[in-house]
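**Q**
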Amino acid sequence: MTDLQNLIHPDGENTDITTIAKNSFNEIWIGTEDGTFFRGDPTMKSMTPFRFSLSTNDIETIGGDDSFWLGGQLVHLQSGVTYIDIDREIADNYMFNKTINMDETSIFSILELKKEIWFGGENTLLVYNKKKDFWRTYNLRLGGGVSWATSMIDAGEDVWVGSSRGITILNKSNKKSILSKVEEYFNNIYIYDLAVGKNKIWIGTETGLFLYDRTKRIIQEYTTYGYKKKDVTFPLKYIDYTAFTQDSRQILAANRSGILKFNFTNRQWSNAVDPAIFGGLEIKDMALHKNIVFIATENGIVQYDMKKNLMDVFNYSFIGQVNDMYIKGRKIWLGTTEGLISYRYK
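Shown next as structure tokens:
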């Protein structure tokens, strides 16, 4: 501590003190501008730091399987990525300005692989090696000009990266770009979302919904794949497929004109959600649990039971804009412009 106004961080930075309090045990508590607070022990005459804040409060993406990785907008010098283990109630922040080989960038997508975690940013790929606890930054060629990695999927030996300017396929080992007809086909086309299902790669773009057959190596429009009963109608507006969600049985694809469902077993298309349910708004993200689908729009979240045709709407102001959703157990976790929010839905 230099005075009663700021503290000196071990890396030499000054951090302003924002609040000071004293409790009945004569312990002094000091809160600072970066979210860290200190407990002063009057006996040992020492200060113990605690930090429970996230590396960013504007969360764009949630990644991981058993635990969470959070990434978001680069809003200030204290930005970074956060690891959270909900079961063990621990969290670690990896700050850009304090972590070696970790360049500053907003994070728009996260992909967990067996040995690594990939973070897609603005013309940038951050890779974290789990075993070595080591970071590395790669420059991404995502079309011309500034572009951001909107979605990433594991495609065997490769990783597909969807961006605001098309698709880039990267080799897992050396992270080098692999030239392909896919990259040429979607050049300068906004890729909203990518998904993998039954030997197909699903591609949601500003120009429509496409499928890539990994065996035949061909690109096809979704209307040419599978079967459709007479009572099933494909959307009149076939553009801007912004989100996918799936389980082992089915995949849902969304645009403003409705949500389509494709059954992997019988290869049948069906109309899953009428646009009246979510007001025909652009869908930011979806999450699926059996027959219940969560739909995030600019007007909040809709929880819809596709079997019972029942819905609930959550548009509380404290939630903010929902950018990503993740279901774990009885809770759904929301990555929003106001931080990380959980809701027990069952």
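Offset between the sequence shown (1-based) and the numbering used here: plus 1427.
We put the CB at the ideal spot given by N, CA and C, even for glycine.
A quick note: this is a predicted structure, and the numbers were derived from the prediction, not measured.
(1) Measuring CB to CB, does Ala1680 end up less than 8 Å from Met1733?
(2) Quick one: complete beta strand (DSSP E) runs, 3+ long, within the segment 1604–1633?
(3) Quick check on DSSP: helix, strand or coil for Lys1559?
(4) Less than 8 Å separating the beta-carbons of Val1502 and Leu1538?
(5) Per DSSP, what kind of secondary structure is Asn1524 in: helix, strand or coil?
(6) State the Cα-Cα distance for the pair Ala1448 and Glu1460, rounded to the nearest angstrom.
(7) Just to confirm the assignment: which complete beta strand (DSSP E) runs, minimum length 3, are found wholly within the segment 1640–1724?
(8) Quick check: what's the CA-CA separation for Trp1456 versus Arg1466?
(9) Near Pro1469, what residues of its chain come up, given a Cβ to Cβ distance below 6 Å and the 5 sequence neighbours on each side ignored?
(10) Are Phe1535 and Gly1547 close, meaning C-beta to C-beta below 8 Å?
(11) Kindly identify the DSSP beta-bridge partner or partners of Lys1758.
(12) Using a Cβ-Cβ cut-off of 6 Å (strictly less than) and excluding sequence neighbours within five positions of Arg1771, which residues of its own chain qualify?
(13) Beta strand (DSSP E) containing Thr1595: first to last residue?
(14) Using DSSP with H/G/I as helix, E/B as strand and the rest coil, what is Ser1451?
(15) Consult DSSP for Tyr1486 and reduce its assignment to one of helix, strand or coil.
(16) List the whole-angstrom C-beta distance separating Thr1669 from Glu1709, where the pair is believed to meet the contact cut-off of C-beta under 8 Å.
(17) Give me, in chain order, the residues of the same chain whose beta-carbon lies closer than 6 Å to that of Trp1760; leave out the 5 immediate sequence neighbours on both sides.
(18) Going by the CB atoms, is the gap between Asp1667 and Glu1611 shorter than 8 Å?
(19) Within 10 angstroms of its Cβ, does Gly1498 collect 16 or more other Cβ (buried), or is it exposed?
(20) Considering Cα atoms alone, identify which of Arg1592, Ile1517, Val1729 is closest to Gly1571.
(21) Give the secondary structure of Phe1535 by DSSP, where H, G and I count as helix, E and B as strand, and everything else as coil.
(22) How would you call Asp1640, buried or exposed, if buried means at least 16 neighbouring beta carbons within 10 angstroms?
(23) What is the C-beta distance between Tyr1649 and Leu1663, in whole angstroms, given that I count them as a contact (C-beta under 8 Å)?
(24) With a CB to CB cut of under 6 Å and the five nearest residues on each side skipped, what residues in its chain are close to Val1554?
(25) Specify, as a first and last residue, the run of the beta strand (DSSP E) that Leu1737 falls within.
(26) Cutting at 8 Å between CB atoms, please list the residues of its own chain near Ile1704, excluding the five before and the five after it.
(27) Mind the definition here: the segment 1674–1692 touches the segment 1619–1633 only if three or more C-beta pairs lie below 8 Å; say whether that holds.
(28) Rounded to the nearest angstrom, what separates Val1749 and Leu1715 at their Cα positions?
**A** The answer reads as follows:
(1) As a position in the sequence shown, residue 1680 is number 253, starting the count at 1. As a position in the sequence shown, residue 1733 is number 306, starting the count at 1. Going by C-beta atoms, Ala1680 is not nearer than 8 Å to Met1733.
(2) The qualifying runs are 1618–1624, 1627–1632.
(3) For the purposes of this step, residue 1559 is taken as the residue at position 132 of the sequence shown. DSSP places Lys1559 in coil when its eight states are reduced to three.
(4) The residue labelled residue 1502 in the question sits at position 75 within the sequence shown. The residue labelled residue 1538 in the question sits at position 111 within the sequence shown. Cβ atoms of Val1502 and Leu1538: not closer than 8 Å.
(5) In the sequence shown, residue 1524 corresponds to position 97, counting from 1. Reduced to three states, the DSSP call for Asn1524 is helix.
(6) The count along the sequence shown starts at 1 and reaches residue 1448 at position 21. The count along the sequence shown starts at 1 and reaches residue 1460 at position 33. Each residue's Cα considered, the two are about 15 Å apart.
(7) 1645–1648, 1670–1673, 1677–1682, 1685–1690, 1695–1700, 1710–1716, 1719–1724
(8) Residue numbering aside, residue 1456 sits at position 29 when the sequence shown is read from its first letter. Residue numbering aside, residue 1466 sits at position 39 when the sequence shown is read from its first letter. Cα to Cα, Trp1456 sits roughly 5 Å from Arg1466.
(9) Translated into positions along the sequence shown, residue 1469 becomes position 42. Hits under 6 Å: Asn1453.
(10) Numbered from its first residue, the sequence shown carries residue 1535 at position 108. Numbered from its first residue, the sequence shown carries residue 1547 at position 120. Contact flag set, yes.
(11) In the sequence shown, counting from the first residue as 1, residue 1758 sits at position 331. Answer is Lys1755, Arg1771.
(12) Here the question's residue 1771 lines up with position 344 in the sequence shown. So the list reads Arg1757, Lys1758, once near-sequence residues are dropped.
(13) Here the question's residue 1595 lines up with position 168 in the sequence shown. From DSSP, the beta strand (DSSP E) with Thr1595 extends over 1593–1598.
(14) The residue you call residue 1451 lines up with position 24 of the sequence shown. Coil.
(15) Looking up residue 1486 in the sequence shown gives position 59. Checking the sequence, you will find Ile at residue 1486 rather than Tyr. Here Ile1486 sits in strand by DSSP.
(16) The residue you call residue 1669 lines up with position 242 of the sequence shown. The residue you call residue 1709 lines up with position 282 of the sequence shown. That belief holds up - the Cβ atoms of Thr1669 and Glu1709 are roughly 6 Å apart, short of 8 Å.
(17) Residue 1760 sits at position 333 when you count from the first residue of the sequence shown. Closer than 6 Å at Cβ, skipping near neighbours: Tyr1753, Ser1769.
(18) Here the question's residue 1611 lines up with position 184 in the sequence shown. Here the question's residue 1667 lines up with position 240 in the sequence shown. No. Outside cutoff.
(19) One-based indexing of the sequence shown puts residue 1498 at position 71. Flag for Gly1498 reads buried.
(20) Numbered from its first residue, the sequence shown carries residue 1571 at position 144. Closest option to Gly1571, Cα to Cα, is Arg1592.
(21) Residue 1535 sits at position 108 when you count from the first residue of the sequence shown. Here Phe1535 sits in coil by DSSP.
(22) For the purposes of this step, residue 1640 is taken as the residue at position 213 of the sequence shown. Sixteen is the threshold: since fewer than 16 other Cβ atoms of the shown chains lie within 10 Å of the Cβ of Asp1640, the residue is exposed.
(23) Sequence index remark: in the sequence shown, residue 1649 carries index 222 (1-based). Sequence index remark: in the sequence shown, residue 1663 carries index 236 (1-based). Between Leu1663 and Tyr1649 the Cβ distance is about 15 Å, and since that is not below 8 Å, they are no contact.
(24) Here residue 1554 refers to the residue found at position 127 when the sequence shown is read from its first residue. Once the five neighbours on either side are set aside, the close Cβ partners of Val1554 are Glu1543, Trp1545, Arg1563.
(25) Taking the sequence shown and counting its residues from 1, the one referred to as residue 1737 is at position 310. Leu1737 -> beta strand (DSSP E) spans 1737–1741.
(26) Within the sequence shown, numbered from 1, the residue matching residue 1704 stands at position 277. Residues of the same chain with a CB within less than 8 Å of the CB of Ile1704, apart from the 5 flanking positions on each side, are Ile1722, Val1729, Tyr1731, Met1738 in chain order.
(27) yes
(28) The residue you call residue 1749 lines up with position 322 of the sequence shown. The residue you call residue 1715 lines up with position 288 of the sequence shown. Each residue's CA atom was taken as its position, placing Val1749 and Leu1715 some 15 Å apart.
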